[in-house]
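This note's numbering puts the first residue of the sequence shown at 1, with every later residue one more than the last.
Each residue gets a CB set at the ideal place from its N, CA and C atoms; glycine is no exception.
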Amino acid sequence: MEDDLEDATIDLGDFYAVVPAGGAGTRLWPLSRSDRPKFLLDLTGRGRTLLQSTWDRLLPLSTAERTLVVTGRSHVDAVRGQLPDLRADNVLAEPSRRESAAAIGLAAAVLVRRDPDAVLGSFAADQIISGRDDFEGSVEEAVVTARRGFVVTIGIAPSHPATAFGYIRLGKRLRLQGAPNARRVLQFKEKPDARTAAAYLSTGDYRWNGGMFVARADVLLELLSVHAPALHAGLQRIADAWDTPQREAVLEEQWAALPAIAIDHAVAEPAAEEGRVAVVPATFGWDDVGDFSSLAELLPADVDRPRVLGDPDLVVTEGVAGGVVVPGGGRIVALLGVDDIVVVDTPDALLVTTRARSQEVKKLVSRLEEAGLHVT
């Protein structure tokens, strides 16, 4: 019976990859800025930005013709510069940030007019994933499951009781041919406290919510029409005009009035209560590079030295362990007797904090803005 569930060859000809590429650039300030968010940066020192790495990862599954990027108008030129093979009509430019439901919903509405059978998968431009074969296998299972009418999320195996991520509670296996690991989602959980997160891990029934969703475009739009009707109506008007000369006029008229809501709240959570959401538990490595502490884990380490993103010859240390240094200002950074420190040096701003407090950088950026220091 189990062998019948396996399907070695899965046709992905109806699959379209959608890459939401946005963000305010505050959690990795001053390295990341609003005009240079983290997806446009090489944060691993491997010569490819996070956006380019996402493109590389998705290309074998979707092809260049079936890959779309949704980004802000101010980032369009940079996106096209980094992805020269991306088709011009597959760049969907948002006039302003309206959260993920508007971005992914716009892609779904445009796609369903181009291909009524389209299955879309949304994968953020600023995540780091290791284990390509496992990633591709999980996406293939998600596509098979989505064709059955489910909204599918890919659940990340938690490595520790994180409080910075939402969680997915696993239900029973669906036992679908071609998707042997797919299960129902019982519930989405908001970011927990440390004690609750530890309790989740002890059960083995929870996965991190990495924000990856796969669904038929028409199913996603149907769910939006039920659970976010104002958003659905505006997106439909925009999509009707998207491939016409009226695009910009309609976009300007409709976009600002769209509700700003995450796809999790607009679709995934209410659909899960209706039994319409599935999860493919994944085994690949995943990181959303949410702060400088997590960035440090991605960089090569030398014994009793901080990790360095940039020119290591600019960093001189004595009696220093752990931490991360970004010598982006072109000058020498010298550290003496400080452990687990974060130093980010750029031409116009210097950040000094600790790995333990790196989650709070966003608050510091807010303080700078309140003080009228426009360095974002």
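- Assignment of Asn209 by DSSP, reduced to helix, strand and coil, places it in the strand class.
- Of all C-beta pairs linking the stretch 232-242 to the stretch 107-116, three or more are shorter than 8 Å, placing the two stretches in contact.
- The criterion of a C-beta distance shorter than 8 Å is not satisfied by Leu220 and Val144.
- Here Ile10 carries a coil assignment [DSSP, helix/strand/coil].
- Taking 8 Å as the upper bound for CB-CB distance, Val344 and Thr153 are not in contact here, some 33 Å apart.
- In chain order, Thr317, Val320 place their CB closer than 7 Å to the CB of Arg305, counting only its own chain and leaving out the 5 sequence neighbours on each side.
- The beta carbon of Leu31 lies closer than 6 Å to those of Val326, Val344 in the same chain, with the five residues before and after it left out.
- The alpha-carbon separation between Ala103 and Ala217 amounts to approximately 13 Å.
- As for any beta strand (DSSP E) of minimum length 3 sitting wholly inside the stretch 98-175, the runs are 119-122, 128-130, 151-156, 167-173, ordered along the chain.
- Within the DSSP bridge table, the entry for Pro327 names Asp345 as partners.
- Here Gln177 carries a coil assignment [DSSP, helix/strand/coil].
- For the 8 Å CB-CB criterion, Thr49 and Leu40 form a contact.
- Distance from the CA of Asp117 to the CA of Ala17, rounded to the nearest whole angstrom, comes to 14 Å.
- Going by DSSP, Ala371 is part of no beta strand (DSSP E) at all; its letter is neither H nor E.
- Shown here, Arg36 sits in a strand according to DSSP, grouped into three states.
- Nearest C-alpha to His232 among Ile156, Asp205, Glu253, Leu106: Leu106.
- With respect to the 8 Å criterion, Lys191 and Thr163 are classified as neighbours on the basis of their beta carbons.
- For Asp304, the secondary structure class from DSSP, reduced to helix, strand or coil, is coil.
- With a minimum length of 4 residues, the unbroken runs of alpha helix (DSSP H) contained wholly in the stretch 216-255 fall at 217-227, 229-242, 247-254.
- For the options Arg355, Glu370, Ile10, the alpha carbon positioned closest to that of Pro180 is the one of Ile10.
- Here Gly45 is actually not in contact with Leu314; their C-beta atoms are around 14 Å apart, not less than 8 Å.
- At the C-beta level, Val352 and Asp126 stay beyond 8 Å of one another.
- Following the DSSP letters along the chain, one finds Val280 inside the beta strand (DSSP E) bounded by residues 277-281.
- One Cα belongs to Leu92, the other to Leu43, and the distance between them is close to 25 Å.
- Short of 7 Å from the beta carbon of Thr354, and not among the five residues preceding or following it, lie these beta carbons of its own chain, in chain order: Asp340, Ile341, Val342.
- Contact check for Trp55 against Leu83 passes: the beta carbons are separated by less than 8 Å.
- Here the alpha carbons of Ala21 and Glu141 stand approximately 24 Å from one another.
- Between Val19 and Val69 the beta-carbon gap is near 5 Å, inside 8 Å, which marks them as a contact.
- DSSP, reduced to helix, strand and coil, places Gly337 outside both helices and strands of the structure shown, so it counts as coil.
- Its chain contains Gln82 as the residues whose beta carbon lies nearer than 6 Å to that of Gln52, once the 5 sequence neighbours on both sides are disregarded; these appear in chain order.
- As a beta-bridge residue in DSSP terms, Phe15 pairs with Val119.
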